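Asker: By this note's numbering, the letter at position 478 of the sequence shown is numbered 478, and the numbering carries on one by one without gaps.
What follows is a single structure, and I will ask about it in a moment.
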Amino acid sequence: MQASLEEHAKLIETARGERPAELFVRGGTIANVYSGELHPGNVAVTGGLVAYVGKGEGAVGPETRVIEADGMVVAPGYVEAHFHPWVLYNPVSIVEGVLPLGTTTIFADNLFFYMQMGPDGFRTMIEDLKQLPLSYLWMARLTSQAQFPGEDEMFALEKVEPLLRRDDVVGTAEVTRWPALAAGDPNLIASIRAAKSLGKIVDGHTGGASEARLQPVVAAGIDADHEAITKGEVVSRLRLGVWTMLRNSSLRPDLPELLRAVTEDGVSTQRLMMTTDGPSPEFLAEHGLVDGMLRVAVESGIPPIQALQMVTINPATLFRIDGEVGGIGIGRRADLLLLPDLTTFRPETVITQGRVVAENGELTAPLPRLDWSRYGSRPRFDRGLDLADPTLYPLRASGDESEMPVLHLKTAVISERRDARVRVKDGRVALDGQQGLLHAALVDREGAWISRALVSGLAGALQGLASTYNTTSQTLVLGRNPNAMARAARRVEELGGGIAIVRDGEVRYELALPITGMMSERSFTEVVEWNRRLTRAVTEAGYEHHDVLYTLLFLTCDFLPSLRLTPLGLLEVKSSRVLIPADKPARPHRI
């Protein structure tokens with residue numbers, strides 16, 4: 001945002017040494033991401049902006065706050081280039097977890113905020129978030145992650161375009177349906193063209209795209225991508241002119257492999273960035289956010305200043321705000337870190353907009369308390385649909401036995417099709433004697449549809465789990481015991497969204513997620529503990545993988561192989577064929 005005429009005049013006067021700075025960082029070694037060097041110098045700040053960078057001290061006055069940085073590296077605040085601020089934490093609580101670690105700017109996905117709140121509620125929320133000591137810039141979705149009735153209307157260009165006109169919305173968020181881009185989908189292309197005409201960036205998602213398929217996706221207009229999983233894929237994206245984000249997340253800690261494109265193949269880091277892609281709370285608490293990726297990068301052989309450029313000036317340049325953030329330059333926002341070294345990358349002092357906001361790993365700036373209900377963030381449940389009815393969840397079938405497709409999880413998120421012959425009782429699939437199989441149902445919270453399937457490779461002893469934490473934010477219900485499933489689903493409804501696990505007739509775990517069905521109102525520290533409790537609970541039920549949050553999240557998406565439980569039914573992703581269609585549930589009268 002451009003400074004006022006008065007603020008601009010003060011900036012120039014401070015730069016001349018004629019006006020005392022409000023803040024002066026003295027005696028440090030500046031990590032200069034513009035010149036790619038480390039050099040001694042002082043930094044003067046006025047009006048929240050950097051006014052002077054050099055060896056002079058003419059800007060120090062009697063009222064100037066002086067911070068001594070002798071022996072410290074003064075670095076620009078870290079930038080997270082691709083983040084989902086809804087992994088149980090919310091956009092306020094995550095600040096507690098990441099600002100003391102040096103992340104001062106986040107480019108954030110708006111998906112669930114927009115889907116639940118609508119354009120007006122989302123706009124109100126992002127205005128209120130400007131009270132935070134951390135800066136959010138937003139990416140607007142053009143589609144959901146699982147096609148549903150009414151999606152085209154929700155993401156119509158006339159609804160999205162007003163968001164794209166905002167200065168704090170810098171581009172379109174990842175389009176996960178890259179085959180539609182490669183096919184030249186007219187609605188997506190129209191939206192991309194509108195975004196580009198406004199000077200916005202188009203973020204991509206090309207997981208699984210061959211080099212040949214990548215070509216038309218890039219031609220469709222994507223500027224950046226974060227889905228490379230090998231060093232070869234990094235190189236192929238760079239060669240096509242795509243800004244490439246190297247991911248290190250709780251789901252895919254790929255960074256050491258991806259950095260081999262630099263350390264072994266010698267590619268330039270000028271158009272490379274690093275991202276955590278929205279890690280789980282417990283991963284973040286253990287490994288950090290951007291600071292953690294910097295540690296991995298330097299340990300992998302990347303020079304520290306190049307690593308810093310990948311999380312500061314590079315993303316700022318991509319998103320065309322390098323005149324505002326991304327480096328310690330005159331007129332830039334005074335987001336500064338005082339680092340004891342360039343190996344741990346953990347700041348002793350964090351400054352945003354010229355104000356000290358964290359010291360020694362602790363947040364010192366207050367966080368606002370938002371009234372989330374004013375944005376329309378609370379999930380709605382149709383009280384006419386009886387989620388406590390255990391007959392709602394098993395698959396329907398005829399005869400005494402039936403051959404059924406099974407969604408089998410090979411990893412935390414990648415599935416394959418397996419078929420199983422199952423027993424049928426009273427027109428519903430029964431799992432007696434079927435080890436490892438679970439019932440799975442995705443229930444529209446307003447009662448319009450229900451999708452059913454069988455799942456294996458998840459948690460063979462799970463009796464009942466319900467969760468609105470998934471890519472649809474509808475009610476996903478899993479388990480071997482329909483009564484336990486019904487109890488869990490009913491509890492999630494009572495919580496107003498969340499996760500519940502039932503075992504032996506009792507609710508053994510519950511976490512309310514009243515913000516869009518995806519986020520808790522608890523503090524970041526509390527959310528970390530509840531994430532750990534969830535991991536323990538599903539592990540006790542035989543969970544076979546490493547990240548249950550991403551298993552729940554992507555079980556209902558429409559872009560990962562091979563089978564998915566979506567609002568349309570059990571979907572075979574590659575062929576776009578619905579194997580078991582969703583149906584309209586019976587609506588018994590609730591007493």
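Just so you know, even glycine gets a beta-carbon here, dropped at the ideal spot from N, CA and C.
Only a predicted model underlies this, so the values are computations on that prediction, with no experimental measurement involved.
Measure from the alpha carbon of histidine 439 to the alpha carbon of each residue in Gly447, Asn470, Pro405, Val413, then state which is nearest.
Answerer: Residue Pro405 is the option with its Cα nearest to histidine 439.
Asker: Find the nearest neighbour of alanine 358 within the set Leu570, Val73, Asp70, Pro133, judged by alpha-carbon distance.
Answerer: Residue Pro133 is the option with its Cα nearest to alanine 358.
Asker: Nearest by alpha-carbon distance to aspartate 382: which of Arg490, His84, Pro91 is it?
Answerer: Residue Arg490 is the option with its Cα nearest to aspartate 382.
Asker: Is it true that the CB of leucine 23 sits closer than 9 Å to the CB of isoleucine 351?
Answerer: Against a cut-off of 9 Å, the Cβ pair of leucine 23 and isoleucine 351 comes out as a contact.
Asker: Which residues in the same chain as histidine 589 place their Cβ atom closer than 7 Å to its Cβ, once the five residues preceding and following it in sequence are excluded?
Answerer: At histidine 589, the pLDDT of 42 sits below 50, so the modelled position is not reliable; the number obtained from the coordinates is stated separately. Cβ neighbours of histidine 589 beyond the five flanking positions: none.
Asker: Which residues bound the beta strand (DSSP E) around aspartate 382?
Answerer: It is not in any beta strand (DSSP E) - aspartate 382 carries neither H nor E in the DSSP assignment.
Asker: Can you give the Cα-Cα distance for methionine 519 and glutamate 348, rounded to whole angstroms?
Answerer: Using only the alpha carbons, I get a separation of about 30 Å.
Asker: Tell me whether the beta-carbon of aspartate 203 lies closer than 9 Å to the beta-carbon of valine 175.
Answerer: Yes, Cβ-Cβ distance for aspartate 203 and valine 175 is below 9 Å.
Asker: Given this structure, state the Cα-to-Cα distance separating glycine 54 from glycine 323, to the nearest angstrom.
Answerer: Each residue's Cα considered, the two are about 19 Å apart.
Asker: Runs of 3 residues minimum, wholly inside the stretch 231–280: which ones carry the beta strand (DSSP E) assignment?
Answerer: 243–247, 272–275, all fully within the stretch 231–280.
Asker: Count the CB pairs spanning the stretch 97–105 and the stretch 535–542 that are closer than 8 Å, and state whether there are at least three.
Answerer: Judged by Cβ distances under 8 Å, the stretch 97–105 makes no contact with the stretch 535–542, as fewer than three pairs qualify.
Asker: Helix, strand or coil for valine 296 per DSSP?
Answerer: Looking at valine 296 - three-state DSSP - the assignment turns out to be helix.
Asker: Kindly identify the DSSP beta-bridge partner or partners of arginine 490.
Answerer: None, per the DSSP bridge assignment.
Asker: Looking at C-alpha atoms only, which residue of Gly542, Gly354, Asp400 is the closest neighbour of alanine 365?
Answerer: The shortest Cα separation from alanine 365 among Gly542, Gly354, Asp400 belongs to Gly354.
Asker: Is glutamine 592 buried or exposed, if buried means 16 or more other CB atoms sit within 10 Å of its CB?
Answerer: In the structure as shown, the chain begins at 1 and stops at 591. Residue 592 is therefore absent and cannot be evaluated.
Asker: Can you list, in chain order, the residues of its chain with a C-beta nearer than 6 Å to that of serine 467? Leave out the 5 residues immediately preceding and following it.
Answerer: For serine 467, where only same-chain residues beyond five positions count, the Cβ hits under 6 Å are Leu476, Ile499, Leu552.
Asker: Per the DSSP calculation, arginine 333 is bridged to which residue(s)?
Answerer: In DSSP, arginine 333 forms a bridge with Leu49.
Asker: Would tyrosine 469 and serine 280 qualify as a contact pair, given that the criterion is a beta-carbon distance under 9 Å?
Answerer: Contact: no.
Asker: Answer yes or no: do threonine 472 and alanine 146 have a C-beta to C-beta separation smaller than 9 Å?
Answerer: In contact: threonine 472 and alanine 146 (Cβ atoms closer than 9 Å).
Asker: Counting only runs that start and end within the stretch 492–574, where is the beta strand (DSSP E) found for 3 or more residues in a row?
Answerer: Fully enclosed beta strand (DSSP E) runs of 3 or longer: 498–503, 506–512, 563–566, 569–572.
Asker: Are the Cβ atoms of asparagine 32 and isoleucine 330 separated by less than 9 Å?
Answerer: Cβ distance not < 9 Å, so asparagine 32 and isoleucine 330 don't count as in contact.
Asker: If you pair each beta-carbon of the stretch 439–453 with each one of the stretch 384–397, do three or more pairs fall below 8 Å?
Answerer: Taking 8 Å as the limit for Cβ pairs, the verdict is that the stretch 384–397 does touch the stretch 439–453.
Asker: How about leucine 407 and leucine 565: are their beta carbons less than 9 Å apart?
Answerer: The answer is yes: Cβ separation under 9 Å.
Asker: Assuming glutamate 127 is part of the alpha helix (DSSP H), what are its boundary residues?
Answerer: Residues 111–128.
Asker: Can you tell which of Ala69, Pro20, Gly56 has the C-alpha that lies nearest to the C-alpha of aspartate 341?
Answerer: Comparing Cα-Cα distances from aspartate 341 to each of Ala69, Pro20, Gly56, the minimum goes to Ala69.
Asker: Where does phenylalanine 345 sit, in a helix, a strand or coil, going by DSSP?
Answerer: DSSP places phenylalanine 345 in coil when its eight states are reduced to three.
Asker: Pair every Cβ in the stretch 287–301 with every Cβ in the stretch 243–255, then say whether three or more of these pairs are closer than 8 Å.
Answerer: A contact exists between the stretch 287–301 and the stretch 243–255.
Asker: Just the C-alpha distance for lysine 410 and glycine 77, rounded to the nearest angstrom, thanks.
Answerer: Taking the straight line from one Cα to the other gives about 39 Å.
Asker: Let's test the definition: count the other Cβ atoms within 10 Å of the Cβ of histidine 39 and tell me whether it reaches 16, buried, or not, exposed.
Answerer: When all chains shown are included, histidine 39 counts as exposed.
Asker: Going by other Cβ atoms of all chains shown within 10 Å of its Cβ, with 16 needed for buried, is proline 131 buried or exposed?
Answerer: It is worth fixing the name first, because residue 131 is glutamine in this sequence and not proline. By the neighbour-count rule (16 or more Cβ atoms within 10 Å), glutamine 131 is not buried but exposed.
Asker: According to the neighbour-count rule (16 or more other Cβ atoms, all chains shown, within 10 Å of its Cβ), is glycine 569 buried or exposed?
Answerer: Burial call: buried.
Asker: So what's arginine 418 in DSSP terms, helix, strand or just coil?
Answerer: In the structure shown, arginine 418 sits in a strand (DSSP, three-state: E or B).
Asker: Is serine 451 helix, strand or coil by DSSP?
Answerer: Serine 451 falls in the strand class under three-state DSSP.
Asker: Taking the C-alpha atoms as reference points, what is the distance between isoleucine 229 and glycine 278?
Answerer: So the two alpha carbons sit approximately 16 Å from each other.
Asker: Using CA atoms only, rank isn't needed, just tell me which of Thr64, Pro62, Leu111, Val74 is closest to proline 85.
Answerer: Answer by Cα proximity: Leu111.
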